[in-house]
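Here is the structure we will look at, set down as structure tokens.
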Amino acid sequence: MKDRILLIDSNALVHRAYHALPGLTTKKGQPIGAAYGFFLMFLKAAAELNPKYVVFAFDTPQPTFRHSLYTEYKATRQKADDDLISQFPVIKDLISTFNLPIFEMPGFEADDIVGTIARRCEKEDFEVIILTGDLDELQLVDQNTEVYTMKRGFTDTVIYDLKAVQEKYGFGPDEFVDYKALRGDPSDNIPGVPGIGEKTATGLIINYKSLDNIYDVLEKDELNVSDRVKNTLSENKGQAYMSKKLAQIDTNLELDFDKNSAILGNFDRGKVVQKFQDFEFKSLLPKIPKNIKEEGQPEKVKPATFLCHKVTTQEDAANILSKAKEYGHIVFDVETSKLDRMDSIIVGISFAFSANEGYFFHFSNNFKFADIKEKLQVVLTDPKILKVAHNLKYDMSVLKTHGIDVAEPFFDTFVAAYLISPGDRRYSLDDLSFMEFGYEKIPIEELIGKGKNQKLLTECNGDDLCRYSCEDSVMTFKLYEKYSKRLKKLGLSNVWEKIELPLIPVLSDMELTGIKIDEKFLSVMSDDFKIRIAMLEKDIYKAAGEKFNINSPIQLKKILFDKLKIHEEIDKKTLKKVKTGGYSTAASELEKLKGSHEIIDHIMEYRELAKLKSTYIDALPKLVDKRTGRIHTNYNQTITATGRLSSSDPNLQNIPIRTEIGRQIREAFIPDKGNVILSADYSQIELRLMAHIARDQRMIEAFKRGEDIHTRTASEISDIPLIKVTKEQRRSAKTINFGIIYGMSPHGLSQALGITHEESKSYIDKYFEIHSGIKAYMENIVVEAQGKGYLETIFGRRRAIPEINSSNFMVRQGAERMAINFPMQGTAADIMKLAMIEVNKKIKDDEGIKVIMQVHDELVFEVREEKLKSAAEEIKETMESVCMIDVPIVVNVSFGYNWGELKPLTGLTQDDAAIQDEKR
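Per this note's numbering, the very first residue in the sequence shown carries number 6; after that it's consecutive.
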């Protein structure tokens, strides 16, 4: 079997990664996305291709021999972003850690180096594979050399051998350079022959094989092409041959290449792991290939750096739990038979009091959870013992379903990591152990396997489970030690102690309480939607003149743009194109085509109905817990960088708010008999916070007078009395008010309102003229973020915004919008969380009032009918008083017998009448 060598055209791969992947940064704000993508692809190729040797080739900053031939070579390329340039040293440093060679040669490009080594290795009977981000090296493909590259996106890869090149182009690799000589290459500014495009160039190469043949036949006047093509070929012969030289890879460089220096696996794994830790490449860790010493040896569980004790008797368990009083804290991790917090068996619980050892209570027929339940309850409710866990809400919920409460004080390293680095999303214990300590935890797959062979924790070896669980508790303790200090150092103690920590049991209770849904109502709705979707399908086929797969973007694109040519009805410049060619059929693009053809409206309605049917109408009944008859959504405390909560299974935030269909879906959320739904919704909270934070006096006074802020804005920018403002003018003003908060540009506003760019700019200018405080705030907050690299809410929640100093204009502009919005959105999130905590204190012991949902700025309760008025008054008063700012905080309260049909709850007398009317 031939030895295989992987040759990497590094510059092409780095550029592909930079433009294909999001602009990732480390926690310190260092751009790292291109480097991450580069090593993601290198390690993917190493795993799939299993090369014995690997070589990296780079360009140099100096001009190449091609610039001597043609001074305009690559002249059209924009200067690389500083964020990209800064990552090349990082990439080279990481390559050196793998102990692999880097080649670069002034005057030549990376693909010349790749070509030279490829041809040299072929002579030594190597199998050569070239990893690259573009297709220039296809000319090197032959019996021994293949090209491994990206098909689309970044990780969808393809291998080009002789057959694949022939199938793609209609000719082989030997003709590839001549093809480029004719067609040119815009990316490298290779001119080619003017007027000859892809189709003509392909035809010429297929028919005549080479540039020399084409010109030989042309001179004999036997070239079977149009006079136009003959003339341009004749007039640009010199340019064609120059283009060929520019496109031709030089395979004869004088390189000192020693294959023994390129052996993959001759590296120190510890050093590689440390570098990956420095740059936060946790997800790449399992992809690191084995080094030579490991090759051929069985996988061994690395020795623990702490002691693991398996506890199997009631007496030993009691002795260990008694240590909690001595230490004043206890770290615990509950291992369950499955992830369902309400329907799982507790397989075991691990405990730790230090970083030196862990204890695993392994429950079995001889040692049951019930045997230690009472003693565990005493420890976990002791106000003098700090309870520490990672993802405490889950453990708290599991224990509660088994009859054990976890009382304050407590500490959650999962939420602490989030508060310290919001927006990171890498908060798993595995990720944090690696990033904070360089420690590689046992992957769960090592314990339970994968796919069809996956087993339950109840089936795992007790010693392996002991090590796994003790590792969780010990690493949680180490994180607790680190994060408790870091929270104080960053000034996050107030948000941590007053908001995030006390919110955990509130969320746990909400999830366990759940929400009742009307399954019969949804069943009827599903049947109705099925009929409506079928009718829309017929309308779409009729408008298209044929049947096709409506859900296929490719087929839909052909119908809309190739057959119906709908794009010709509007300014094509406004439509986005996709990488595969043609116009996009995304919802945002179809919105621009609305009204241009009946098929567009049908497709948009079809998509909306189909999505809501599958996501909610048909999905909600499947989520009902058969024991409780309710849905138990999961509230995510660590997802959004702003501090807002999100939910999953189901995602309540994504149910449309203002559409009739969304209202119908909400009708399926109902209370138990004798209860009523009570909604308490913060009114325009972010605008009120904008007025306060920006200290804009005109907006502050308007809110103090209780005026409708959107009507006031419409009056101001249109210069008309309040009473003459129309609904349409108010709607536009609402878009402007919220658009300003989110940093909307004149272009964005013009699209949102369907007006010209000039009109939208005039609106914004007038708005800032009236609200000079808001304009000053927006300018100042961006400067503040640029200086500090982060911003804070009123309560001290932080959000790092390193992208605000990016050299990439689009990235920087997005960061500026983020900076403008975060203080309002983050403070609104803090206020909602405080409200949940304070309301929970008032209603915790009242079985007649339960908080069941939190969606956007709304808290939803299930209340006994007879308690509605008193509950509404208490909840409204509590929510409005959690924070005092320069404008009134207003909560609108409404009620009903389902979530979709709510009536305002206002005066006491009116309330009585409204309640009776609603019951009727």
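The beta carbon of each residue, even a glycine, is placed where N, CA and C say it ideally should be.
- Taken atom to atom, the span from the alpha-carbon of R735 to that of A707 is near 15 Å.
- At a cut-off of 3 residues, the continuous stretches assigned as beta strand (DSSP E) that sit fully inside the stretch 643-703 are 651-653, 680-687.
- Separation of T121 and L269 (C-alpha to C-alpha, rounded to the nearest whole angstrom) is 20 Å.
- For the pair L89 and F61, the CB atoms are not nearer than the 9 Å cut-off.
- Within the model, the alpha-carbon separation for L145 versus K185 is close to 14 Å.
- In the DSSP assignment, Q244 falls outside any beta strand (DSSP E) and lies within the alpha helix (DSSP H) extending over 242-252.
- Between L650 and Q319, the gap from beta carbon to beta carbon reaches 9 Å or more.
- Assignment of D630 by DSSP, reduced to helix, strand and coil, places it in the strand class.
- Rounded to whole angstroms, the gap between the alpha carbons of D261 and K84 is 32 Å.
- Per DSSP, the continuous beta strand (DSSP E) segment holding G901 begins and ends at 896-901.
- The beta-bridge partner set that DSSP reports for P909 consists of S899.
- D87 carries a helical assignment under DSSP once its states are collapsed to helix, strand and coil.
- The DSSP-derived three-state label of A549 is helix.
- DSSP, reduced to helix, strand and coil, places M858 within a strand of the structure shown.
- The three-state secondary structure of M889, taken from DSSP, is coil.
- Scanning P507, I293, F415 for the CA closest to the CA of K846 turns up P507.
- Within the stretch 821-854, there are no complete beta strand (DSSP E) runs of at least 3 residues.
- Segment contact: the stretch 326-341 against the stretch 437-446, fewer than three CB-CB distances shorter than 8 Å; contact not assigned.
- In the DSSP annotation of this structure, A357 is not part of any alpha helix (DSSP H); the continuous beta strand (DSSP E) holding it starts and ends at 351-357.
- Restricting attention to alpha helix (DSSP H) runs no shorter than 4 residues, the stretch 477-555 encloses them at 506-518, 524-549, ordered along the chain.
- The Cβ neighbour count for N458, taken over all protein chains shown within 10 Å, is under 16; the residue is labelled exposed.
- For K33 and F103, the gap between their C-alpha atoms comes out near 25 Å.
- When beta bridges are read from the DSSP output, E594 appears opposite no residue.
- Two segments are said to touch when three or more pairs of C-beta atoms, one from each, lie closer than 8 Å; by this definition the stretch 811-822 does not touch the stretch 842-856.
- Across the structure, R430 and G28 are spaced so that their CA atoms are roughly 15 Å apart.
- A residue is called buried when at least 16 other Cβ atoms come within 10 angstroms of its Cβ; G711 does not meet this threshold and is exposed.
- In its chain, beyond the 5 residues on either side, N296 have a beta carbon closer than 6 Å to the beta carbon of R274.
- Remark: C-beta atoms of Y488 and A394 do not approach each other more closely than 9 Å.
- Counting along the chain, E362 sits inside the beta strand (DSSP E) bounded by residues 362-367.
- Rounded to the nearest angstrom, the Cβ distance from P676 to K562 is 47 Å, too far for a contact under 8 Å.
- Contact between R668 and G905 is confirmed by a C-beta separation of about 5 Å, below the 8 Å threshold.
- DSSP places R804 inside the beta strand (DSSP E), whose first and last residues are 803-805.
- K128 and H314 have their C-alpha atoms spaced approximately 60 Å apart.
- R124 is positioned such that its CB atom lies closer than 9 Å to that of T256.
- A check of alpha carbon separations from N903 across E882, V868, L404, Q282 identifies V868 as the nearest.
- Between I746 and the set K793, A833, A685, A805, the nearest pair of CA atoms involves A833.
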